[in-house]
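Written out below as structure tokens is the structure these notes cover.
Here it is in structure tokens:
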């Protein structure tokens, strides 16, 4: 697989990783959709599946090159490099844009999800009563999740490990937003904001030669939480990939119809014209996260007013659709040249 990848392909793979990382951090958006539409979803699942007993034997025996080739290491390393960079760059930009241009950001993602539904559905021909039933179940589950109320924050390390397993579901299961599930579990701010910021600050301190953070109990707690969360995420990735690889091989039509249903159901979560209700402290003041933003509790949908802002939002929805169509065009062009 790697021998046929050009430098341009590798650059685009890093960019796709950036896209997956950014999508995974936005509640309601699934990084797996990016993988699906960009045409590397099955290779992604296949590569993760190769992280198995044989791979660990190669690693333990010091056969690092064989291990790297066996797990399709070049592909995974470029993709995860893009994701990691995203968490410290693009996701920061997204935090700013959501805070100041919330309507337009949600509009772009809404358009991308519509485009994704078109992309996945256009080549899916195996519609029958089973796939229609699974489609309906997927839609119902996707819509139902958006109406759940979030739990309270919980930094118990076993629970954090479980959150890690669940959070990567959005990477492996298109339409299933891991970050939105973290909101429902009450740990979105803890795991995707506070702990990431703690790591960023720690890296900055280390690069400047400042090691005083070792005496900072709160910083150490955050780093410990992030480490356990990362371990859970890796466990979830490997576990989900084996499961999805099996069902894609034996129940591909049913799996694809469920994915389409999940994605359709997720439209409610990213509906651009939503009124946001925020978590309150006991004194009824707004509960703020570490960036000073109000913490989301739930959404109420409402119909938009026809004004200039709405027309701009519709334009951004169309932009989101065009982004997906451009990804599809690039994917088709890449496949034709190989």
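In the working numbering, the protein residues as written are 5 to 342.
Think of the CB as a built atom: it goes at the ideal place given N, C-alpha and C, for glycine as much as any other residue.
From the options, residue whose alpha carbon lies closest to that of residue i
| i | options | result |
| --- | --- | --- |
| residue 159 | 113, 231 and 119 | 231 |
| residue 274 | 141, 106 and 122 | 106 |
| residue 35 | 267, 68, 223 and 228 | 267 |
| residue 75 | 194, 271 and 245 | 245 |
| residue 135 | 325, 183 and 260 | 260 |
| residue 271 | 157, 54, 120 and 97 | 120 |
| residue 143 | 263, 324 and 16 | 263 |
| residue 252 | 48, 12 and 28 | 48 |
| residue 170 | 137, 114, 201 and 240 | 240 |
| residue 130 | 317, 258, 269 and 324 | 258 |
| residue 54 | 72, 181 and 175 | 72 |
| residue 205 | 192, 193, 189 and 224 | 224 |
| residue 277 | 202, 256, 321 and 68 | 321 |
| residue 183 | 29, 12 and 11 | 29 |
| residue 208 | 128, 92, 194 and 172 | 92 |
| residue 256 | 172, 78 and 46 | 46 |
| residue 192 | 318, 157, 312 and 202 | 157 |
| residue 201 | 222, 148, 137 and 128 | 222 |
| residue 80 | 212, 44 and 330 | 44 |
| residue 176 | 247, 189 and 312 | 247 |
| residue 10 | 82, 185, 141 and 102 | 82 |
Host alpha helix (DSSP H) of residue i (start-end)
| i | result |
| --- | --- |
| residue 39 | 35 to 41 |
| residue 183 | 182 to 189 |
| residue 223 | 221 to 254 |
| residue 201 | 199 to 211 |
| residue 137 | 133 to 149 |
| residue 13 | 11 to 29 |
| residue 46 | 45 to 53 |
| residue 61 | 57 to 64 |
| residue 161 | 161 to 171 |
| residue 69 | 68 to 74 |
Same chain, Cβ closer than 8 Å to residue i, five either side skipped, listed in chain order
| i | result |
| --- | --- |
| residue 161 | 228, 229 and 232 |
| residue 145 | 265, 266 and 269 |
| residue 344 | Past the edges of the chain, shown from 5 to 342, lies residue 344, and the structure says nothing about it. |
| residue 147 | 269 and 272 |
Contact set for residue i: own chain, Cβ-Cβ below 7 Å, skip 5 residues either direction
| i | result |
| --- | --- |
| residue 345 | This structure cannot speak to residue 345, because the chain is shown only from 5 to 342. |
| residue 315 | none |
| residue 288 | With a pLDDT of 43 at residue 288, under the threshold of 50, the modelled position of this residue cannot be trusted, and the question is left open. |
| residue 328 | 41, 116, 119, 120 and 123 |
| residue 52 | 241, 242 and 245 |
| residue 38 | 20, 23, 24 and 27 |
| residue 84 | 21 |
| residue 125 | 264 |
Contacts around residue i, its chain only, beta-carbon distance under 6 Å, and the 5 residues preceding and following it disregarded
| i | result |
| --- | --- |
| residue 57 | none |
| residue 63 | 71 |
| residue 324 | 112, 115 and 116 |
| residue 87 | 21, 24 and 25 |
Any C-beta of chain D under 8 Å from that of residue i
| i | result |
| --- | --- |
| residue 244 | Here chain D cannot be found, since the structure has a single protein chain. |
### Task
Would you check if there are 3 or more beta carbon pairs closer than 8 Å linking the region 142 to 152 to the region 216 to 228?
no
### Three or more C-beta pairs below 8 Å linking the region 101 to 117 and the region 234 to 244
no
### Message
Quick test of the definition: if touching needs 3 or more C-beta pairs under 8 Å, does the region 8 to 18 touch the region 165 to 177?
### Response
no
### Task
Within the region 89 to 128, note down every full alpha helix (DSSP H) run reaching 4 residues or more, in order along the chain.
94 to 104 and 106 to 126
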